[in-house]
Structures are given as C-alpha cells and as structure tokens.
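A.B. asks: Numbering (the numbering used here), first residue to last: 35 to 156.
Positions of the beta carbon are idealized from the N, C-alpha and C atoms, including for glycine.
This structure is a prediction, so every number in the text was calculated from the model and none was measured.
Before I ask anything, let me first share the structure, which is written out below as structure tokens.
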Amino acid sequence: MTRIRSVPALVGLSAAPMLALSLLAAPTCAAAAEPRSGAEVYELVCTTCHEAGVAGAPKRGDVKAWKPLIAEGQASLSRTAIKGIRGMPAKGGRPDLSDLEVRRAVAYLANASGAKWAEPKK
Ligand code: HEC
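Right, dumping it as structure tokens:
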C-alpha cells in the first residue's frame, strides 16, 4: 500500500522543475524571434555609452547635445548609427542587431532627448 501512494508523490516532484523550466524558456524564445523595441535595445546595448556619456557619446536626455543631431533627421541619423561614426561603433558594436532594432533604438534615444519620432515598424 505504501508503494502505490508514493508513486503520485514522485511524479509530482519531477513535474515541478519541468514546468518551471518551460515557463522560463518561453519568454526568452519569443524575445529572440521578435525584433526588440527601441527601449529594449537601448537597455541592452546603447546604455553602456549613452547613459553616462562614455567617450563623448551624447547622453540620453541631453536635449542640447541632441538638438543638432535630431535636426539631421531620423533617416540620416539612423543610417549613421548603423554604419558607425568616430567613437560610435557600427550598431553600437553589436552586428547581431537588425537594422530595424538599431533604428528603433535611435528613435528611443532621440525621443528621450527632445525628438518626437515614431518608432519604426518595419
Ligand atoms: C561603445 C560606446 C557606444 C555604444 C555601445 C553606442 N554608442 Fe552611440 N555613440 C558613441 C559615441 C562615442 C558617439 C559620438 C560619436 C561622434 O560624433 O564622435 C555616439 C553617437 C551616436 C549617435 C549620433 C551620431 C552622430 O551623427 O554623431 C547616435 C544616433 C547613436 N550614437 C546611437 C546609438 C545607438 C542607437 C546605440 C545602441 C544600438 C549606440 N549608439 C551605442 C558611442 C557608443
């Protein structure tokens, strides 16, 4: 009798970690398949230099520094961020980012610094 009762207990024990694993794995897979938002890319990559102004990077929220850059226009500034310029590595040093993700990050960064650009959809 003791043996029969212990079977469901064992099943319960092994199912719990499996469920926890699948719950952890699901959001990670979705993030890799979908293009990330500008805010996500910023937090992941651009924050390293643009939050503190490393190597002369225009800081996020520094309206004065961003004004002349924003005046170049969204398309032009996005191209620059994809190609790189002086201390700014191409795609912020992350060639695995898609052009769309970089363009979204540029819009996020500019909008946090005085622009009113739409986040690119495609
Ligand atoms: C390794 C540090 C570093 C990282 C990471 C980085 N940047 Fe930069 N970024 C710079 C520096 C330095 C400049 C200033 C370049 C200059 O004008 O001399 C700059 C300038 C820029 C500019 C203005 C370009 C211009 O015309 O002067 C944009 C837009 C920009 N970065 C966007 C981004 C985005 C978006 C990301 C994240 C995907 C990012 N950066 C990640 C260092 C970085």
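Are any of the Cβ atoms in chain D nearer than 8 Å to that of cysteine 83?
C.D. replies: Of the protein chains in this structure there is only one, and it is not chain D.
A.B. asks: Going by the C-beta, is glycine 87 closer than 7 Å to any heavy atom of the ligand HEM?
C.D. replies: Of the ligands this structure carries, namely the ligand HEC, none is the ligand HEM.
A.B. asks: Among the candidates Arg94, Ala86 and Arg120, whose CA atom is the shortest distance from the CA of valine 140?
C.D. replies: Residue mapping note: residue 140 aligns to position 106 of the sequence shown, counting from 1. Here the closest residue by C-alpha is Arg94.
A.B. asks: In the DSSP assignment, find the unbroken alpha helix (DSSP H) run with alanine 99 in it and report its ends.
C.D. replies: Locating residue 99 in the sequence shown gives position 65, where the first residue counts as 1. Segment 97–105, the alpha helix (DSSP H) holding alanine 99.
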